[in-house]
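Structure first, commentary second.
Number of protein chains: 2
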Amino acid sequence: MTDGQTTSVTPVTLSFSTDYRRIAVEEAWAPKQLLDLYRSELAAGNITDPGFRSLWGYYLGDTERASSLTERIVEAGPSRIAAMDAAGIDVQILSLTAPGVQVLAKDIAKPMAEDANDLLKQSVDAYPDRFSGLTAVAPQDPEHAAQEIRRGHDKLGFKGVIINSHTHGEYLDDKKFWPIFEAAESLDTPIYLHPTTPSAQMIQPYVEAGLDGAIFGFAADTGLHLLRIITSGVFDRFPNLKIVVGHLGEALPYWLWRIDFMHAIAVRTQRYSAIKPLELRPSDYLKRNIWYTSSGMPWAPALNFVRDVVGKDRVMFAWDYPYQYDAQEVADTDAIAWSPEEKKAFFEGTAERVFHL
Amino acid sequence: MTDGQTTSVTPVTLSFSTDYRRIAVEEAWAPKQLLDLYRSELAAGNITDPGFRSLWGYYLGDTERASSLTERIVEAGPSRIAAMDAAGIDVQILSLTAPGVQVLAKDIAKPMAEDANDLLKQSVDAYPDRFSGLTAVAPQDPEHAAQEIRRGHDKLGFKGVIINSHTHGEYLDDKKFWPIFEAAESLDTPIYLHPTTPSAQMIQPYVEAGLDGAIFGFAADTGLHLLRIITSGVFDRFPNLKIVVGHLGEALPYWLWRIDFMHAIAVRTQRYSAIKPLELRPSDYLKRNIWYTSSGMPWAPALNFVRDVVGKDRVMFAWDYPYQYDAQEVADTDAIAWSPEEKKAFFEGTAERVFHL
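These protein sequence lines map, in sequence, to chains A and B.
With the first sequence counted from 1, adding 1357 to any position gets you the numbering used here.
With the second sequence counted from 1, adding 1357 to any position gets you the numbering used here.
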């Protein structure tokens, strides 16, 4: 998601063959009920998270752009299909927009996650060839979240789980959350670790400079979150767990060599109780358990770099509707000098395999 | 700097021609007086900065590695020269190690910066062909810092300025610090924006996971700092200012396209008072005012990516002695398939030009 790009979609002449479907895997949606709840909770002063107040204080405001965004994000029908058609997108995997229910109090969050999942199923059922869905959860109650993951997979037919980074400033490396990983691994269903604004414990230097959103803060929080998951040993405990990350990995591929180097030192010196030996190098998990999407990064140099260092078969397409959706970006990405087989894998094959579409 | 690699230097057979000097531009040094001051201030509880306590609480501890590091960092004579010789390093540009005097109270910091600079000059004078120096400053008093920059340049013969990221949690985009930029620009002397541990306002999610140091936290703080400098308009006010950044740009090159995209939206929507129109795109400043060093990133994929997106002539060599120094890294970097002219620029020419060596 972005800070609020609401570009209108101008049909683009697609000058390339389409012997593959284009599957966009980080596509935002929210039921109107959730936005109403955000609005009332903000008005009541019940949500103090500074990132949420920055983000949704803006989107629930009265600018033209904010109302355009909220109008689009609650819709999962003809308008969205038309935008997809105009850009050559065949399928959207819909997920509950950040921060989902994770900013709410536990007792409100749990029924809201269930309701959101039930509502999302209605849209997916109405357009089964165009939409798939991810299960929203309330990590505030890890056992409930695990149960909802199972319901989403078994009963609702969803293809993975959406977790919008931290939950009340807590990260998933905390073992109390590991029932979530256990459920996802046992069902072989991926978790999409999606950004949200940095937690209250770190947002100040970002938000005071207007950098807490998609320009930098989202990645700071989510990259840290993913690294914490890796270094905590989650993937030794759950070796078949699959995590999908947007924005080409929130810069962890850029740091791949350095993370390995410094992690080895930290293990050897036992400087930190939190840094323990792992079975593999951090980069090995980045090449075994993590998949990467192009959300917000339709830029050939970074796409090629990440494909080179983590593997071409680990990078797939995302469009980030309705935050940052631009038909031209799809055409530009499709025009990168990859082979037909590579394009098919990027736009279709990898997503089909990871999400079991 | 790293979390404390103190690899001993094993001579490496350099299998490449050396028709260029190898100039290492991010090389740490500290007078014993500063470490003594750190020790006494820590013991007295006068420094509460959690990052400093994590970093120097460790290095001033009694492990073998800590004492090996402190022994090497205070030395700028025969031992250092021997390590350089063993790895094929011709010149080190020495700078006061992080956080320098920036963590101290203003009235202690100012004379300590002056003393450190006077002491560094003695080492540079003793080995004028092997050492150059950067001026340490106390940004706590911006006018004093500007004056010390002028003294360092005019009287001590130093080739630039070292600033170890934030000062008591404050970043250089704050206009009160701009006399520092004014002095550096007017003398055409570069500022090396070096990492330190994240500021107290953001360190908690890093330090609790053991990730506040070179593995991730250093880059998080310094990358944010550089982006704040760019978006605040520093380079419109000081168009000839030169900033040098380590670790291949602290990931900003990775985010180059996305930062431009999101900055344009933030400007257009006027969402943040801190985000104002700039004369150029953020990426233009990254290609005009910023130079990049390879400190801690002797890894061909990232080196080539950064050279591709910001320009080959903007990336130069650093070794990060005595934190992360390894003769093999020098040999590996020198073995990358660049042309002789490109290698000469990387190891020597760009540093000579930027630092006026």
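Think of the CB as a built atom: it goes at the ideal place given N, C-alpha and C, for glycine as much as any other residue.
As the structure is a computational prediction, the values presented were derived from the model and not from experiment.
Of all C-beta pairs linking the region 1513 to 1530 of chain B to the region 1540 to 1553 of chain B, three or more are shorter than 8 Å, placing the two stretches in contact. Counting along the chain, the unbroken beta strand (DSSP E) around residue 1488(A) starts and ends at 1488 to 1490.
Identification of residues in the region 1580 to 1601 of chain B having a C-beta nearer than 9 Å to some C-beta of chain A yields 1580, 1581, 1582, 1584, 1585, 1588 and 1589, given in sequence order. Close to chain A, meaning a Cβ-Cβ distance shorter than 8 Å, are the following residues of the region 1629 to 1647 of chain B: 1629, 1630, 1631 and 1632. Taking C-beta atoms as the reference points, residue 1399(B) and residue 1458(B) fail to come closer than 9 Å. Judged by beta-carbon spacing, residue 1678(B) lies beyond the 9 Å limit of residue 1443(B), meaning their Cβ atoms are not closer than that value.
Closer than 9 Å to the CB of residue 1520(A) there is not a single CB belonging to chain B. Counting only the Cα atoms, residue 1562(A) lies some 40 Å from residue 1436(B). Here the alpha carbons of residue 1449(B) and residue 1475(B) stand approximately 17 Å from one another.
Chain B has a Cβ within less than 9 Å of the Cβ of residue 1662(A). When only Cα atoms are considered, residue 1644(B) and residue 1653(A) end up about 21 Å apart. Contact with chain A is found for residue 1565(B), since one of that chain's Cβ atoms lies less than 9 Å from the residue's Cβ. Here residue 1577(B) is buried: its Cβ has 16 or more other Cβ atoms, across all protein chains shown, within 10 Å. Annotation: residue 1383(B) is outside any alpha helix (DSSP H); the continuous beta strand (DSSP E) that includes it extends over 1380 to 1386. Rounded to the nearest angstrom, the gap between the Cα atoms of residue 1500(A) and residue 1536(A) is 6 Å. By the Cβ neighbour-count rule, residue 1467(A) is buried, with 16 or more other Cβ atoms within 10 Å of its own. The beta carbon of residue 1542(B) lies closer than 7 Å to those of 1595, 1597 and 1598 in the same chain, with the five residues before and after it left out. Contact of residue 1611(A) with chain B by beta-carbon distance below 7 Å involves 1608, 1611 and 1659. Between the region 1404 to 1423 of chain A and the region 1487 to 1498 of chain A there are fewer than three inter-stretch CB-CB distances shorter than 8 Å, so the stretches are not counted as touching. At a cut-off of 9 Å between C-beta atoms, residue 1653(B) counts as an interface residue with respect to chain A. Residue nearest to residue 1376(B) within the set 1415(B), 1691(B) and 1462(B) is 1691(B) (criterion: CA-CA distance).
Distance between residue 1484(B) and residue 1433(B), taken at the CA atoms: about 9 Å.
Note on residue 1421(A): under 16 other CB atoms within 10 angstroms of its CB, so exposed under the neighbour-count rule. Here DSSP, grouped into helix, strand and coil, assigns residue 1643(B) to helix.
Taking a C-beta cut-off of 9 Å against chain B, the contacting residues of the region 1674 to 1695 of chain A are 1681, listed in chain order. A residue is called buried when at least 16 other Cβ atoms come within 10 angstroms of its Cβ; residue 1700(A) meets this threshold and is buried. In the three-state reduction of the DSSP assignment, residue 1413(A) falls in the helix class. Using a Cβ-Cβ distance cut-off of 8 Å, the region 1565 to 1572 of chain A and the region 1617 to 1625 of chain A are not in contact, since fewer than three pairs of beta carbons, one from each stretch, lie closer than that value. Taking all protein chains shown into account, residue 1628(A) has 16 or more neighbouring C-beta atoms within 10 Å of its C-beta and is therefore buried. Taking C-beta separations shorter than 8 Å and ignoring five residues to either side along the sequence, the partners of residue 1707(B) in its chain run 1648, 1670, 1671, 1672 and 1673, following chain order. No residue range can be given for residue 1461(B), since it is assigned to no beta strand (DSSP E) and is classified by DSSP as neither H nor E. Distance from residue 1554(B) to residue 1411(B) at the Cβ level is roughly 6 Å; contact confirmed, criterion being Cβ atoms closer than 8 Å. Think of a sphere of 9 Å around the beta carbon of residue 1577(A): the chain B residues whose beta carbon falls inside it are 1559, 1577, 1580 and 1581, in chain order. Around residue 1620(A), the beta-carbon contacts reaching into chain B at under 7 Å are 1572. Contact annotation: residue 1607(B) and residue 1579(B) have beta-carbon atoms nearer than 9 Å. The three-state reading of DSSP puts residue 1648(A) in strand, counting E and B together.
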